[in-house]
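Enquirer:
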Amino acid sequence: DYLLTQDGIITKESLLYPFEERGLQFGDGVYEVIRIYQGTFDLLEEHIDRLYRSAEAIRLEVPFAKDALIASLHQLSEKNDVQTDAKLYLQITRGSAPREHSFPDVPSNFYAYMEPSERPVSPLQQGVRAVLADDIRWDLCYIKSLNLLPNILAKQTAKEKGAFEAILHKNGTVTEGSSSNVFIIKDKILFTHPAAENILHGCVRSRVLALALKAGLQVKETAFTTDQLLQADEVFITSTTSEIMPVIEIEGSLIGNGKPGSDTRTLQLAYEKESGIQTTA
Ligand code: PLP
Numbered sequence: 002d003y004l005l006t007q008d009g010i011i012t013k014e015s016l017l018y019p020f021e022e023r024g025l026q027f028g029d030g031v032y033e034v035i036r037i038y039q040g041t042f043d044l045l046e047e048h049i050d051r052l053y054r055s056a057e058a059i060r061l062e063v064p065f066a067k068d069a070l071i072a073s074l075h076q077l078s079e080k081n082d083v084q085t086d087a088k089l090y091l092q093i094t095r096g097s098a099p100r101e102h103s104f105p106d107v108p109s110n111f112y113a114y115m116e117p118s119e120r121p122v123s124p125l126q127q128g129v130r131a132v133l134a135d136d137i138r139w140d141l142c143y144i145k146s147l148n149l150l151p152n153i154l155a156k157q158t159a160k161e162k163g164a165f166e167a168i169l170h171k172n173g174t175v176t177e178g179s180s181s182n183v184f185i186i187k188d189k190i191l192f193t194h195p196a197a198e199n200i201l202h203g204c205v206r207s208r209v210l211a212l213a214l215k216a217g218l219q220v221k222e223t224a225f226t227t228d229q230l231l232q233a234d235e236v237f238i239t240s241t242t243s244e245i246m247p248v249i250e251i252e253g254s255l256i257g258n259g260k261p262g263s264d265t266r267t268l269q270l271a272y273e274k275e276s277g278i279q280t281t282a
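The working numbering applies: residue 2 is where the sequence shown begins, and numbers increase by one.
Here is the structure:
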């Protein structure tokens with residue numbers, strides 16, 4: 002298995018970081034997760050654009066020009082001979098240097114690797130449970146930063162309660178999920194939190210908004226409360242690996258009749274078509 006680094010494509014075993022590494026010691030870096038359907042990258046440019054936005058926001062230089070990075074990722078995919086459903090993980094940190102909070106004068110560390118990843122077909126069909134959790138994160142969640150402790154803690158709580166996702170809220174206003182964006186449908190209107198600085202601007206989120214308009218839904222990028230969430234006709238979350246995941250129960254209370262909603266289903270089908278997905282859920 003090969004991975005791409007700032008020094009080119011190398012074997013996984015030959016990547017050995019020194020113990021002083023800014024990603025390890027500070028979470029000082031940014032990352033992306035990119036979907037691959039049957040060997041083809043999905044939303045690749047959108048993810049790479051966001052990577053550059055995240056890196057710029059923390060004053061970190063990406064050790065590739067955009068076009069060169071995209072070309073190298075295609076090369077990596079070829080070298081790994083990826084032909085199935087998979088995902089690519091990519092991260093950049095501020096490099097390896099003696100531990101000090103301020104920026105070191107060293108090159109950044111970059112790596113990208115791929116691994117097989119099947120679509121969550123059964124949850125996509127049946128829907129999932131969610132719980133609510135306080136959004137205790139910082140103000141700049143549009144940066145896809147390696148600092149994920151609040152997200153990890155929220156997801157673990159969800160898992161321990163038998164739920165798939167923790168839906169985060171700040172004083173009763175829903176922001177997003179621990180690793181997803183959150184949508185509700187009420188009276189044929191689709192609501193999601195605006196792409197402000199306090200949520201991640203999901204690549205799937207953007208595609209879903211476009212598909213919803215095409216499907217004749219009214220779209221409002223307006224924040225909603227946990228009460229509105231619980232009283233919605235339909236709820237779903239979106240992410241690169243979860244796609245459009247119906248939420249059928251939140252904190253033990255059913256959404257609608259407790260089955261994935263018809264508009265959610267319509268969006269799922271449009272999404273599969275748009276991404277060229279062959280194995281339908
Ligand atoms: N919000 C958070 C906090 C995330 O971690 C993610 C992705 O993992 C998303 C939203 C969804 O983003 P995307 O659709 O680009 O995968």
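All residues carry an ideal CB built from backbone N, CA and C; glycine is no exception.
1) Compute the beta-carbon to beta-carbon distance between Ala72 and Ile37, rounded to the nearest angstrom, for a pair I have assumed lies under 8 Å.
2) Can you tell me whether DSSP reads Val220 as helix, strand or coil?
3) Whole angstroms are fine: how far does the CA of Asp29 sit from the CA of Arg120?
4) Would you please state the rounded distance, in angstroms, between the beta carbons of Asp136 and Thr176? I believe it to be under 8 Å.
5) Please report the Cβ distance between Gly33 and Leu77, rounded to the nearest whole angstrom; I am assuming they are in contact, meaning their Cβ atoms lie under 8 Å.
6) Taking the alpha carbon of Glu22 as the reference point, which residue from Arg138, Thr227, Asn258 and Gly96 has its own alpha carbon closest?
7) Does the beta-carbon distance from Gly262 to Glu235 come in below 7 Å?
8) Pull up the distance between the alpha-carbon of Ile249 and that of Leu191, whole angstroms please.
9) In whole angstroms, what is the alpha-carbon distance linking Arg206 and Asp188?
10) Should Pro247 and Thr227 be called a contact, given that it needs their Cβ atoms to be closer than 7 Å?
11) Do you know whose CA, among Phe27, Ala282 and Ser15, lies nearest Phe104's CA?
12) Count the other CB atoms, across all protein chains shown, that sit within 10 Å of the CB of Gln127; report buried if there are 16 or more and exposed otherwise.
13) May I ask you to report which of helix, strand or coil DSSP gives Glu244?
14) When every heavy atom of the ligand PLP is checked, does at least one fall within less than 6 Å of the C-beta of Glu177?
15) For Ser254, count the other beta carbons within 10 Å of its own beta carbon; 16 or more makes it buried, fewer makes it exposed. Which is it?
16) Suppose contacts are defined by Cβ-Cβ distances below 7 Å. Is Glu1 in contact with Tyr143 by that definition?
Expert: Let's see:
1) Contact flag wrong, Cβ pair sits at about 16 Å.
2) Correct three-state label for Val220: strand.
3) 30 Å
4) 5 Å
5) Inspection of the sequence shows that residue 33 is occupied by Glu rather than by Gly. Rounded, the Cβ-Cβ distance is 14 Å, inconsistent with contact.
6) Gly96
7) yes
8) 16 Å
9) C-alpha separation (whole angstroms): 20 Å.
10) no
11) Phe27
12) exposed
13) strand
14) yes
15) exposed
16) In the structure as shown, the chain starts at 2 and stops at 282, and residue 1 therefore has no counterpart that could be examined.
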